[in-house]
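Residue numbers -13 to 218, in this note's numbering, belong to the letters of the sequence shown in order.
The beta carbon of each residue, even a glycine, is placed where N, CA and C say it ideally should be.
This structure is a prediction, so every number in the text was calculated from the model and none was measured.
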Amino acid sequence: MPDVDRTINVEVFKASLDSFPESAQKGYLEQFLIPGNDGYIISRFGPRSGRMHYGTDIKMYKGDTVVATQSGVIARANWGYGFGRLVVIQHRNNIQTYYAHLTTFLKKKGDKVEKGEPIGLAGSTGRARGPHLHFEMRENGQPFDPELVFDFKEETIRDDAFDMQSLMALHKRLKPKGYSTNVAVPEYYKVRSGDSLWGISRKFKTSINDLCRLNNISENSVLQIGQPLRMY
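#1: Here's the rule I'm using: 16 or more other beta-carbon atoms within 10 Å means buried, otherwise exposed. How should MET154 be labelled?
#2: In whole angstroms, what separates the C-alpha of PHE79 from that of SER179?
#3: Quick one: what does DSSP say THR167 is sitting in, helix, strand or coil?
#4: Applying the 10 Å Cβ sphere with the 16-neighbour rule, what's the burial state of GLN76?
#5: Please classify SER182 as buried or exposed, where buried requires at least 16 other C-beta atoms within 10 Å of its C-beta.
#6: Rounded to the nearest angstrom, how far is the Cβ of PHE121 from that of THR42, given a contact under 8 Å?
#7: Per DSSP, which one or two residues make a beta bridge with LEU119?
#8: Work out the CA separation of LYS176 and ALA61 for me, nearest whole Å.
#9: Closest to GLY102 by CA distance: which of HIS87, GLN17 and THR55 is it?
#10: What do you get for ARG71, buried or exposed, if any count of 16 or more other CB atoms within 10 angstroms of its CB means buried?
#11: Taking all protein chains shown into account, decide if GLU173 is buried (16 or more other Cβ within 10 angstroms of its Cβ) or exposed.
#12: The alpha helix (DSSP H) with PHE18 in it runs from where to where?
#13: From what residue to what residue does the alpha helix (DSSP H) around ILE186 run?
#14: Which residues bound the alpha helix (DSSP H) around ASN64?
#15: Return the CA-CA distance between ILE203 and LEU134, expressed in angstroms with no decimal places.
#16: Look up ASP137 in the DSSP assignment and give the residues it is bridged to.
#17: Can you give me the C-alpha to C-alpha distance between LEU46 and GLY212, rounded to a whole angstrom?
#18: Please classify PRO104: does DSSP put it in a helix, a strand, or coil?
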């Protein structure tokens, strides 16, 4: 994995983050802006081609302005293998947002940015098939599906995200119910004929590692028809 995945030291940016109003902490997730121009998704979070895709790809055109979805401090503005030109913003509550495949940087590391402020121009640098924005949301370094927060089709914040400050808490609330176009996730799933760990992980947008950890199995374990798998 590229070095941009290393955990960001929040303490470095704490003084700048504390300068934002206290009101910015209340109902924090509902205050984020929808990333991209019109919310048209070309690739979702989850397993893709046998590996995890840790963000949401949103269609944009080369030169389109990319803005900060929430106020914060630029933690990185550099090249990342696969990401191309990448901006990472450190926000309150140990949340970071990633903006990848940019063609131009408009900010540098250490800059304080307000919500809605331009941070770069869209492009297709790095590993990208055409211009788009690869957008990620992380909390304490752990990636979460942006569609937990955003209803991209309606270009709104999900009702479940209102009054929420933690991505992990929102994930726990929505995981059992399903969200966006996802299939609702059962607490236990019974293995069917033809199932594989990869297929199950893709269907329910979870990782093979999580399935193995929850069920004390390995990636090479043979699944039995009718076998119950714990999903969360």
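The relevant details are as follows:
#1: In the sequence shown, the residue the question calls residue 154 occupies position 168. By the neighbour-count criterion, in which 16 or more other beta carbons inside 10 Å mark a residue as buried, MET154 falls on the exposed side.
#2: Taking the first residue of the sequence shown as position 1, residue 79 is located at position 93. Taking the first residue of the sequence shown as position 1, residue 179 is located at position 193. One detail in the question is off: residue 79 reads as Asn in this sequence, not Phe. CA-CA distance, ASN79 to SER179, rounds to 43 Å.
#3: Your numbering for residue 167 matches position 181 in the sequence shown. Caution applies to THR167, whose pLDDT of 45 falls short of 50 and renders its modelled position unreliable; the value that the coordinates give is listed next. Correct three-state label for THR167: coil.
#4: Counting from one through the sequence shown, the residue named residue 76 turns up at place 90. Buried, since its Cβ has 16 or more Cβ neighbours within 10 Å.
#5: Within the sequence shown, residue 182 is the residue found at index 196, counting from 1. Exposed, by the Cβ-count rule.
#6: Reading the sequence shown from its first residue, position 135 is the one you call residue 121. Reading the sequence shown from its first residue, position 56 is the one you call residue 42. Confirmed, Cβ separation roughly 5 Å.
#7: Residue 119 sits at position 133 when you count from the first residue of the sequence shown. Assignment of beta-bridge partners to LEU119 by DSSP yields ILE44.
#8: Position 75 of the sequence shown, counted from the start, is the residue given in the question as residue 61. Position 190 of the sequence shown, counted from the start, is the residue given in the question as residue 176. CA-CA distance, ALA61 to LYS176, rounds to 43 Å.
#9: Along the sequence shown, one-based indexing puts residue 102 at 116. Of the listed residues, the one whose Cα sits closest to GLY102 is THR55.
#10: By one-based count along the sequence shown, residue 71 stands at place 85. It is buried - the Cβ of ARG71 has at least 16 other Cβ atoms within 10 Å.
#11: As a working note, residue 173 is residue 187 in the sequence shown. So GLU173 ends up on the exposed side.
#12: Taking the first residue of the sequence shown as position 1, residue 18 is located at position 32. Counting along the chain, PHE18 falls outside any alpha helix (DSSP H), and DSSP gives it neither H nor E.
#13: Reading the sequence shown from its first residue, position 200 is the one you call residue 186. Annotation: the continuous alpha helix (DSSP H) that includes ILE186 extends over 183 to 190.
#14: Here residue 64 refers to the residue found at position 78 when the sequence shown is read from its first residue. Unbroken run through ASN64 is the beta strand (DSSP E), 58 to 66; no alpha helix (DSSP H).
#15: Taking the first residue of the sequence shown as position 1, residue 203 is located at position 217. Taking the first residue of the sequence shown as position 1, residue 134 is located at position 148. Taking the straight line joining both Cα atoms gives about 28 Å.
#16: For the purposes of this step, residue 137 is taken as residue 151 along the sequence shown, with counting starting at 1. ASP137 pairs with THR142.
#17: Here the question's residue 46 lines up with position 60 in the sequence shown. Here the question's residue 212 lines up with position 226 in the sequence shown. Checking the sequence shown, residue 46 turns out to be Met, not Leu. Rounded to whole angstroms, MET46 to GLY212 spans 44 Å at the Cα level.
#18: Mapped onto the sequence shown, residue 104 falls at position 118. In the displayed model, PRO104 falls within a strand according to three-state DSSP.
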